[in-house]
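Residues are numbered in the working numbering as their position in the sequence shown, beginning at 1, plus a constant of 1485.
For every residue, glycine included, the Cβ atom is placed at its ideal position computed from N, Cα and C.
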Amino acid sequence: MAEQVAIEFSDHDQPVQDEAARNLKKVREQVERINKLSAVFGAPGNVNLTHLDDHVGRARAVVGRWLAKLGNVTPSPVVPAKAFARVNAGIAPARRGKESSKDCLVYETYLEAVSALRGAGVTPPIVFLSSNTNEYLTESKVLKPDIAAEFGTINLGYAPNMSAAKYALGL
């Protein structure tokens, strides 16, 4: 995992878990209101969401298992300069009007790492996973040309979510 991704994950891990717990609580409260309302009209049965109890904890445990399998990727000293140049030139994943330096640092870190792996003879599929589709995909949901060219050179796939990444990796 790129050093910058690890930093951002650490910053957002607990807030995302808290948000998920709040949202699940809201859904359960809404379903309870619907259950009560439908009972007034004589509908049999209730929607039961107890299977979502501790869902956040279970999901975080899965993430923990993934994290335990990852190696750390520290960018070489040239990567920040490449990322900064990409931001200044407005080359994807940079976007005008958006703070893109972190996205570009992650992107350049992985380009460097995958290039090194391919140069060392690694041939199995490698997938870049990012849900930031606005930065990576066109409106027609294909890779932006700059990104497609760079990914194609090193045989790097793209996935917008974990399911797509698992599929691309044959898992």
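### For V1548, the first and last residue of its enclosing alpha helix (DSSP H)
For the purposes of this step, residue 1548 is taken as the residue at position 63 of the sequence shown. Run containing V1548: 1540-1554, per the alpha helix (DSSP H) assignment.
### Query
Are there 16 or more other CB atoms within 10 angstroms of the CB of S1625, so buried, or fewer, so exposed?
Within the sequence shown, residue 1625 is the residue found at index 140, counting from 1. Exposed, since its Cβ has fewer than 16 Cβ neighbours within 10 Å.
### Query
In the structure shown, what three-state DSSP assignment does A1524 receive?
Translated into the one-based positions of the sequence shown, residue 1524 becomes position 39. Helix.
### Message
With three or more C-beta pairs closer than 8 Å as the rule, is the region 1604-1613 touching the region 1568-1575?
### Response
no
#### Entry: Proximity of V1591 and A1487 at Cβ, strictly below 8 Å
On the sequence shown, residue 1591 is found 106 positions in, with the first residue counted as 1. On the sequence shown, residue 1487 is found 2 positions in, with the first residue counted as 1. Yes.
### Query
Whose C-beta lies closer than 8 Å to the C-beta of D1631 among residues of the same chain, with five residues either side of it excluded?
Reading the sequence shown from its first residue, position 146 is the one you call residue 1631. I1576, A1577.
### Query
To the nearest angstrom, how far is it from the Cα of A1634 to the Cα of G1642?
Locating residue 1634 in the sequence shown gives position 149, counting from the first residue. Locating residue 1642 in the sequence shown gives position 157, counting from the first residue. Those two C-alpha atoms are separated by around 11 Å.
### Task
Output yes or no for whether 8 Å exceeds the beta carbon distance between R1545 and Q1502.
The residue labelled residue 1545 in the question sits at position 60 within the sequence shown. The residue labelled residue 1502 in the question sits at position 17 within the sequence shown. Cβ atoms of R1545 and Q1502: closer than 8 Å.
### Message
Whole angstroms are fine: how far does the CA of V1490 sit from the CA of N1531?
### Response
Translated into the one-based positions of the sequence shown, residue 1531 becomes position 46. Translated into the one-based positions of the sequence shown, residue 1490 becomes position 5. Near 42 Å, if we compare the C-alpha coordinates of V1490 and N1531.
### Query
Hey, C1589 and A1568 are a contact pair by Cβ (cut 8 Å); roughly how many whole angstroms apart?
The sequence position of residue 1589 within the sequence shown is 104, counting from 1. The sequence position of residue 1568 within the sequence shown is 83, counting from 1. Confirmed, about 4 Å.
### Alpha-carbon spacing of V1547 relative to D1538, whole angstroms
As a position in the sequence shown, residue 1547 is number 62, starting the count at 1. As a position in the sequence shown, residue 1538 is number 53, starting the count at 1. Cα to Cα, V1547 sits roughly 16 Å from D1538.
### Pairwise C-alpha distance: N1533 and A1524
Reading the sequence shown from its first residue, position 39 is the one you call residue 1524. Reading the sequence shown from its first residue, position 48 is the one you call residue 1533. Those two C-alpha atoms are separated by around 14 Å.
### Distance between beta carbons of L1509 and I1536, contact taken as under 8 Å
Position 51 of the sequence shown, counted from the start, is the residue given in the question as residue 1536. Position 24 of the sequence shown, counted from the start, is the residue given in the question as residue 1509. The question names Ile, yet the displayed sequence has His at residue 1536. That belief does not hold up - the Cβ atoms of H1536 and L1509 are roughly 11 Å apart, past 8 Å.
### Message
To the nearest angstrom, how far is the alpha carbon of A1566 from that of F1636?
### Response
In the sequence shown, residue 1566 corresponds to position 81, counting from 1. In the sequence shown, residue 1636 corresponds to position 151, counting from 1. When rounded, the distance between both Cα atoms is 20 Å.
### Own chain, CB closer than 8 Å to N1617, minus 5 neighbours either side, in chain order
Residue numbering aside, residue 1617 sits at position 132 when the sequence shown is read from its first letter. Cβ neighbours of N1617 beyond the five flanking positions: P1578, D1588.
### Task
Could you pull the start and end residues of the beta strand (DSSP E) that G1642 belongs to?
Locating residue 1642 in the sequence shown gives position 157, counting from the first residue. 1641-1644 is the extent of the beta strand (DSSP E) around G1642.
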